[in-house]
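Chemist: Numbering (our numbering), first residue to last: 93 to 396.
Take a look at this one; I'll ask things after.
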Amino acid sequence: MSTAMIPPELQPIGAIGLGIMGAPMNRNLLAAGADLRVWARNRDAARALEGDGARVCASLEELVRQVRVLVLNVSDTPDVEALMLGDGGILAHAQPGLVVVDHSTIDPIRTRAIAQAAAEREVVFVDAPVSGGEPGARSGTLSLMVGGPEDAVDRLRPIFNIVGSTLTHVGSSGAGQIAKACNQLVVGETLVAVGEAFALAEQSGVDPARVREALLGGFAGSRILEVHGQRLLDGDFEPGFQVGLYHKDLGILGGLSRDLGLETDGLRPVRAAVDAALEAGQARHDVAILARFCVRARDAGDKE
93 MSTAMIPPEL QPIGAIGLGI MGAPMNRNLL AAGADLRVWA RNRDAARALE GDGARVCASL
153 EELVRQVRVL VLNVSDTPDV EALMLGDGGI LAHAQPGLVV VDHSTIDPIR TRAIAQAAAE
213 REVVFVDAPV SGGEPGARSG TLSLMVGGPE DAVDRLRPIF NIVGSTLTHV GSSGAGQIAK
273 ACNQLVVGET LVAVGEAFAL AEQSGVDPAR VREALLGGFA GSRILEVHGQ RLLDGDFEPG
333 FQVGLYHKDL GILGGLSRDL GLETDGLRPV RAAVDAALEA GQARHDVAIL ARFCVRARDA
393 GDKE
């Protein structure tokens, strides 16, 4: 995690969304000296950060009127829309010049509509979804995929450099969310491949751990095989990124594919694995567990 100072013109910083990703990301900002103000419907979540030095605001209006940069880290598209566009929401209280950074993973098309509505109020809306899960959030090593005006992204780099180690300005508004959708597509399809590879090895009487070791040294090597492959071998499914949230992301991918007229056939076994995992009560487990369901889920699909 970088310890670079945050320029005064970016402070105070506000934060909404203090959960599994938002809390550690905001603690990293506090550790770097941020003047951080927070608001949450769940007062306990806000108080937990208050103990680390954040100031708790009594209302959304109070928060919005105090800060120059406002960071969102919530679950889904309707949550961001309600916060930004709803009666008494952020845009209802924002002063011109406010910059809103959205680390949530939401629909790219609706992101562009939110950014347009914000621009009409002289508010800048930057989409900056992340990859790296809770471990990356804690260590400040997230990968950020950013969409928005180049000058705004450049101004925000001191903040981004604290919460992440890799930043790519992908393009204009919504481009960060497009990149995150692509990320989730690759993650899901790779997990299926890893699950099938391990099943193939095991059914052939070969140690999957040795197969993983061999594959990591060649072109099949990947972060999914390295990190989630080890999780599979260890049976460690403490959530870094939950299956239930990935199910939401698959919905975003499906809608985007339909809007663009694309056939993302490679996601069919991924969807089947997610459905099987949810039916088995695994919604709160780490997404790595999908690799355990992919072979069974594909078998079931083949019989239909």
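We put the CB at the ideal spot given by N, CA and C, even for glycine.
1. With burial defined as no fewer than 16 other Cβ atoms inside 10 Å of the residue's Cβ, what is the status of Ala-150: buried or exposed?
2. Where do the N-terminal and C-terminal ends of the beta strand (DSSP E) with Phe-217 fall, by residue?
3. Where do the N-terminal and C-terminal ends of the beta strand (DSSP E) with Arg-129 fall, by residue?
4. For Thr-282, count neighbouring C-beta atoms within 10 Å of its own C-beta (all shown protein chains included) and say buried if the count is 16 or more, exposed if not.
5. Short of 6 Å in beta carbon distance, which residues of its chain neighbour Gly-109, apart from the five on each side in sequence? Order them along the chain.
6. Is the beta carbon of Val-193 closer than 7 Å to that of Ala-220?
7. How many angstroms separate the CA atom of Gly-256 from the CA atom of Glu-214?
8. Note down, in chain order, each residue of its chain lying with its Cβ closer than 7 Å to the Cβ of Gly-189, except the 5 sequence neighbours on either side.
9. Suppose you measure from the CA of Leu-317 to the CA of Leu-308; what does that come to, to the nearest Å?
10. By Cβ distance below 8 Å, which residues in the same chain neighbour Glu-413 in space, the five residues on each side in sequence not counted?
11. Note the first and the last residue of the continuous alpha helix (DSSP H) segment covering Ala-115.
12. Answer with buried or exposed for Phe-74, where buried requires no fewer than 16 other C-beta atoms within 10 angstroms of its C-beta.
13. To the nearest angstrom, how far is the alpha carbon of Asp-351 from that of Pro-200?
14. Indicate the three-state DSSP secondary structure (helix, strand or coil) for Gln-374 in the structure shown.
15. In the DSSP output, which residue or residues are listed as bridge partners for Ser-235?
16. For a test of the three-state rule: what should DSSP assign to Gly-263, helix, strand or coil?
17. Where does Ala-368 land, buried or exposed, given buried means 16+ other C-beta within 10 angstroms?
18. Which partner residues does Gly-106 have in the DSSP bridge list?
19. Taking all protein chains shown into account, decide if Gly-346 is buried (16 or more other Cβ within 10 angstroms of its Cβ) or exposed.
20. Out of Gln-276, Ala-306, Leu-277, Asn-275, which one is the CA nearest neighbour of Phe-290?
21. By Cβ distance below 8 Å, which residues in the same chain neighbour Gln-158 in space, the five residues on each side in sequence not counted?
22. For a test of the three-state rule: what should DSSP assign to Gln-322, helix, strand or coil?
23. How many Å lie between Glu-330 and His-377 at the Cα?
24. On a CA-only basis, which of Ala-115, Ile-198, Leu-177, Pro-100 is nearest Lys-340? Give me that one, please.
Modeler: Let's see:
1. exposed
2. 216 to 219
3. 128 to 130
4. buried
5. Leu-164, Asn-165, Val-166
6. yes
7. Between Gly-256 and Glu-214, the C-alpha separation is close to 27 Å.
8. The residues are Glu-214.
9. 7 Å
10. Missing from the structure shown is residue 413; the chain here goes from 93 to 396 and no further.
11. 114 to 123
12. A question about residue 74 goes unanswered here, because the residues of the chain that appear run from 93 up to 396.
13. Distance between the alpha carbons of Asp-351 and Pro-200 is about 11 Å.
14. coil
15. Ser-223, Thr-258
16. strand
17. With 16 or more Cβ atoms within 10 Å of its Cβ, Ala-368 is classed as buried.
18. Beta-bridge pairing links Gly-106 to Arg-129, Leu-162.
19. exposed
20. Ala-306
21. Non-local beta-carbon contacts of Gln-158 in its own chain, meaning distances under 8 Å to residues more than five positions away in sequence, involve Pro-104, Gly-106, Arg-129, Cys-149 in chain order.
22. helix
23. 6 Å
24. Ile-198
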